[in-house]
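For the sequence shown, position 66 matches number 65 in numbering that gives the first Met the number 0, and the numbering has no gaps at all. Here's the structure we're looking at; comments come further down.
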Amino acid sequence: MAMAKIRKLITIIDDDRKPIAEKLMQEMTFMDATLSKLKAGIRKDGAVVEGRDGLKQNPAMQAYNTTIQRYALLNKQLIDLLPPAAKPEAKDELAEFLKKGKSA
């Protein structure tokens with residue numbers, strides 16, 4: 000989901016849950032920027048780099064894998080905060096976003 004769409008979803012979350020949603024959004028925004036930087040580094044240097052003892056996994060790749068898992072978890076937590084009627088649409092948008100991400 001693009002950050003603008005996530006911000007839009009926060010507006011339909013119950014008021015008592017909005018502080019949680021806003022905190023999740025802040026973390027997702029940070030992670031989104033971090034993932035972009037990590038991805039650029041991986042594209043530049045590759046998934047495997049030369050180390051003292053030969054080839055090893057790029058540390059940026061390790062960080063990316065960990066961060067993307069946490070990012071997906073935050074997405075799920077945010078969707079779980081939505082009112083029941085809004086969840087199917089949000090899940091469809093998330094699925095569409097994830098499909099685009101795989102091809103990027």
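Note that the Cβ used here is the ideal one computed from N, Cα and C, for glycine as well.
Is DSSP giving L54 helix, strand or coil here?
strand
M24 vs I5 beta-carbon contact at 9 Å
yes
Which word fits L54, buried or exposed, when buried means at least 16 other C-beta atoms lie within 10 angstroms of its C-beta?
exposed
For my contact list, M2 and D31 are in at a C-beta cut-off of 8 Å; report their separation, rounded to the angstrom.
6 Å
Where do the N-terminal and C-terminal ends of the alpha helix (DSSP H) with R42 fall, by residue?
17 to 44
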